[in-house]
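Colleague: I'd like to ask you about the structure that follows.
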Amino acid sequence: MIEIRPAEISDAIPLAELGRRTFLETFSKDNRAEEMDLYLSRTFGTDKQLEEVQDPNRRIAIAWTGTTAVGFYHLFLGPPDPAVKGTKPIELLRLYVDSRWHGKGVGAALMEKSLEAGRREGFATMWLGVWERNFRAQAFYRKYSFAVVGAHVFTLGTDKHGTIIASRDSMRRTRGKPMVAPLEPYFTRRRTRRTIPPVTKAWARSASAGRRRPSPTRCSTTPGGASACCLSHPANCSEHDIR
Ligand SMILES: CC(C)(COP(=O)(O)OP(=O)(O)OC[C@H]1O[C@@H](n2cnc3c(N)ncnc32)[C@H](O)[C@@H]1OP(=O)(O)O)[C@@H](O)C(=O)NCCC(=O)NCCS
């Protein structure tokens, strides 16, 4: 039996442990150990989660089975990515489930609760960033009608990664609608074409059918404005960090 409760001060230790472990499980196979260590040390730790739990701009809830934390969501009331155009936006910053509990409905329960929490506070749009190669999470978000609206560059340690920005304009419990095509041909580069699964392939196909932008000589350094450009034309990307 899964119970989802808002995180409290006393939950900082299990929250930090679960966040660290699920992040490692999800991303360590695709990233260098030193980059992971750097990111983990900055993001997860009892003090860090203690701060987050008490932050009035964050809503964190944990899924428990008995006394074991098996997943959590983390909503953030910060400024949205410039690609998000919906009204009253709230960010789903993290939604992680312990790998031993994948495919058992924990993610769905957390997603429903996070939508409910956002709706209760009057938010009308939920948005998120998902790594371009995190296909499992993309398939999951697709089930919940998130649509691709943009992309940005996420720095893990010192490595840069492409992140898809997706949002849904309604906090209703709708599921099953397909994601719409991306606005830019993010995934048409040769490097990613070989590995992308059907969901992302469909986006790539729709995108490549649309208008292609000519390659600029240099990407703009304006945060947000530069991100899509850097993903499409990495060679032209000047040094900048979006998040
Ligand atoms: C993405 C994640 C949260 C999904 O949680 P989960 O508990 O495994 O998902 P659920 O069992 O609740 O599944 C919910 C629905 O999504 C679907 N789904 C889940 N994973 C899927 C996948 N890889 N492909 C297709 N559909 C998938 C399920 O089939 C289910 O739909 P159904 O009820 O119609 O069968 C979980 O896999 C996870 O924590 N991954 C690692 C962390 C991560 O990547 N987080 C997102 C970072 S942006």
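Reading the sequence shown from the start, the letters are residues 98 to 340 in my numbering.
Cβ atoms here follow ideal geometry from the backbone N, Cα and C, with glycine treated the same way.
For A221, I'd like the list of residues in its chain whose CB is within less than 6 angstroms of its CB, leaving aside the five on either flank, ordered along the chain.
Modeller: Translated into positions along the sequence shown, residue 221 becomes position 124. Counting only Cβ-Cβ distances below 6 angstroms, and skipping sequence neighbours, we find T184 and K185.
Colleague: According to DSSP, simplified to helix, strand and coil, what is L192?
Modeller: The count along the sequence shown starts at 1 and reaches residue 192 at position 95. Strand.
Colleague: Count the CB pairs spanning the segment 137 to 156 and the segment 106 to 118 that are closer than 8 angstroms, and state whether there are at least three.
Modeller: The segment 137 to 156 vs the segment 106 to 118: in contact.
Colleague: Determine the DSSP secondary structure at M208, reduced to helix, strand or coil.
Modeller: To locate residue 208, count along the sequence shown from 1; it is residue 111. Of the three classes helix, strand and coil, the one that applies to M208 here is helix, per DSSP.
Colleague: Within the same chain, show all residues whose beta-carbon is closer than 8 angstroms to that of V227, passing over the 5 residues directly before and after it, in chain order.
Modeller: Taking the first residue of the sequence shown as position 1, residue 227 is located at position 130. Here the set comprises A234, Q235, Y238, T260, I261 and A263.
Colleague: Can you give the Cα-Cα distance for Y136 and T255, rounded to whole angstroms?
Modeller: Taking the sequence shown and counting its residues from 1, one reaches residue 136 at position 39. Taking the sequence shown and counting its residues from 1, one reaches residue 255 at position 158. Taking the straight line joining both Cα atoms gives about 9 angstroms.
Colleague: K182 to E209, Cα distance in whole Å?
Modeller: Against the sequence shown, residue 182 aligns to sequence position 85. Against the sequence shown, residue 209 aligns to sequence position 112. If you take the alpha carbons of K182 and E209, they lie about 22 angstroms apart.
Colleague: Excluding five sequence neighbours on each side, which residues of the same chain lie with their C-beta closer than 6 angstroms to the C-beta of A166?
Modeller: Along the sequence shown, read from residue 1 onward, the residue named residue 166 stands at position 69. These residues qualify, in order along the chain: P111, L115 and I159.
Colleague: Just to confirm, are R265 and F243 a CB contact at a threshold of 7 angstroms?
Modeller: Here residue 265 is taken as the residue at index 168 of the sequence shown, counted from 1. Here residue 243 is taken as the residue at index 146 of the sequence shown, counted from 1. Against a cut-off of 7 angstroms, the Cβ pair of F243 and R265 comes out as a contact.
Colleague: Closer than 8 angstroms by C-beta to S125: which residues in its own chain qualify, once you throw out the five before and the five after it? Chain order, please.
Modeller: Start at 1 with the first residue of the sequence shown, and residue 125 comes out as number 28. Excluding sequence neighbours, S125 sits near M133.
Colleague: Would you grab the beta carbon distance between G204 and L192 for me? Rounded to a whole angstrom, and I think it's under 8 angstroms.
Modeller: What you label residue 204 is simply residue 107 of the sequence shown in a count that begins at 1. What you label residue 192 is simply residue 95 of the sequence shown in a count that begins at 1. Correct: roughly 7 angstroms between the Cβ atoms.
Colleague: So what does DSSP say about R288, is it helix, strand or coil?
Modeller: Stepping through the sequence shown from its first residue, residue 288 is reached at position 191. At R288 the pLDDT is 39, less than 50, meaning the model places this residue with poor confidence and gives no usable figure here.
Colleague: Within this structure, are the beta carbons of L212 and G168 separated by less than 7 angstroms?
Modeller: Position 115 of the sequence shown, counting from 1, holds the residue named residue 212. Position 71 of the sequence shown, counting from 1, holds the residue named residue 168. Against a cut-off of 7 angstroms, the Cβ pair of G168 and L212 comes out as no contact.
Colleague: Ignoring anything shorter than 4 residues, give me the alpha helix (DSSP H) runs that lie fully in the segment 127 to 181, in order along the chain.
Modeller: Here the runs fully enclosed are 130 to 140 and 143 to 151.
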